[in-house]
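34 is the number of the first residue of the sequence shown in this note's numbering; add one for each residue after it. All C-beta atoms, glycine included, are put in the ideal place defined by N, C-alpha and C. Down below is the structure, laid out as structure tokens.
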Amino acid sequence: MEVIHRTDDGDVVGLSACAGFELGKWRYKKLAEHMINWLPHFALRPDEIDKIGPENPLDLLKEAAYRIFTADAGKNRGEIGELLLHIICVTEYRASAFVSRVFYKMRSNDQVTGFDSALVTYDEDSGDVELWLGEAKFYKDTKAAVAAALTSLKGHLDEGFLEETKILIGPKIEPKAPGYDKLQWLFDAGSKLDDIVKRIVVPVLVASESEAAQSFAECGDDYPSLVIEEFEYLQGRFSKSAIAKQVRIVVIYVPLASKEALETRFIEKLGILR
34 MEVIHRTDDG
44 DVVGLSACAG
54 FELGKWRYKK
64 LAEHMINWLP
74 HFALRPDEID
84 KIGPENPLDL
94 LKEAAYRIFT
104 ADAGKNRGEI
114 GELLLHIICV
124 TEYRASAFVS
134 RVFYKMRSND
144 QVTGFDSALV
154 TYDEDSGDVE
164 LWLGEAKFYK
174 DTKAAVAAAL
184 TSLKGHLDEG
194 FLEETKILIG
204 PKIEPKAPGY
214 DKLQWLFDAG
224 SKLDDIVKRI
234 VVPVLVASES
244 EAAQSFAECG
254 DDYPSLVIEE
264 FEYLQGRFSK
274 SAIAKQVRIV
284 VIYVPLASKE
294 ALETRFIEKL
304 GILR
């Protein structure tokens, strides 16, 4: 993916990354393939990833696909947004997984309604960590995606939800996670939620259809500036939210020329693994 714009200044930071264009056409097929290649990193535990070798890559890729995209998932393909969020947080912000996806997605009543990512960044000099607890929206309409993200985050950051998340995640932290000792302390039953909240960073991915991407053939050299305008709209919406006063937000915008084209291609590639 190509990073078109990035800002690290201000209360709400972030970036915009695009699949890019080739001979004037949006590279959705290459983006779908790129996402498939990331499935093991997204779905498997660190010890399982370490076992990937020339003799078993396809088996583990199939296992990753099975865990995330089950046959009963229906038409709800929110996992595509979650996968994009994971890829960008890892590649652009050097975040790492610290708990298996099944535990941060699960509630105590067995509803899969948790955060869309649970990553950590570790400062080797200070020994401190940041918890990247993210939200992803893969939508056709940008405004609807923003509204849905704000609604989800409002629920995720309330005291009861955070306490439940702490209880579920605490015993499941991967021993190889960066900053493991600090994470163990944070999620210990005796630790205060305040210690967790002040270390939370919320990356919010919005992957939605973009007028700039859809009109690339006409806008040409103006494309980056048009995408920046779309990104700044998102940045403004999240900056004005009450959530921005609670935690640090990182806005990640992925402009799509066609949500349906990417979704269809990804599902086709996924079907080969079943």
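For residue i versus residue j, is the C-beta distance shorter than 8 Å?
i	j	result
V234	V280	yes
S129	L152	yes
W59	A246	yes
G114	A240	yes
V237	E168	yes
Y256	F264	no
S243	V45	no
G160	K215	yes
A50	L303	no
I261	I121	no
L183	S291	no
Buried or exposed for residue i, going by 16 or more other Cβ atoms inside 10 Å?
i	result
S141	Unreliable placement is indicated for S141, whose pLDDT of 47 sits below 50; the coordinate value is still reported in the next sentence. Label assigned to S141: exposed.
V162	buried
A52	buried
S258	exposed
K278	exposed
E112	buried
Y155	buried
T297	exposed
T124	exposed
L56	exposed
D149	buried
G212	buried
If you drop the 5 nearest sequence neighbours on each side, which residues of the same chain put their C-beta closer than 7 Å to that of residue i?
i	result
R39	L48
D41	none
L295	Y61, L64, A65 and L289
Taking 6 Å as the limit between beta carbons, can you name the residues of its chain near residue i, skipping five residues before and five after?
i	result
H75	It should be noted that the sequence gives Phe, not His, for residue 75. Closer than 6 Å at Cβ, skipping near neighbours: L116 and H119.
I276	L186
T79	For the sequence presented, residue 79 should be read as Pro rather than Thr. Within the same chain, P79 has close Cβ partners E207 and K209.
G199	The question names Gly, but residue 199 is Lys in the sequence shown. For K199, where only same-chain residues beyond five positions count, the Cβ hits under 6 Å are F220.
G203	F220
Might you give, ordered along the chain, the residues of its own chain that have their beta carbon closer than 8 Å to the beta carbon of residue i, omitting 5 neighbours on each side?
i	result
A181	K170 and Y172
V132	A151, I202, K205, I206, E207 and A210
E157	none
V179	K170, V239, L267, R270 and F271
R232	D161, V162, E163, L164 and L219
Y126	T154, W165, P236 and V283
When the Cβ atoms of the stretch 187-196 are set against those of the stretch 63-70, are three or more pairs found closer than 8 Å? no
Tell me the start and end of each unbroken alpha helix (DSSP H) in the stretch 222-298 that is at least 4 residues and wholly inside, in chain order. 226-230, 244-247, 249-252 and 256-272
At 4 residues or longer, what runs of the alpha helix (DSSP H) sit wholly inside the stretch 190-217? 192-202, all fully within the stretch 190-217.
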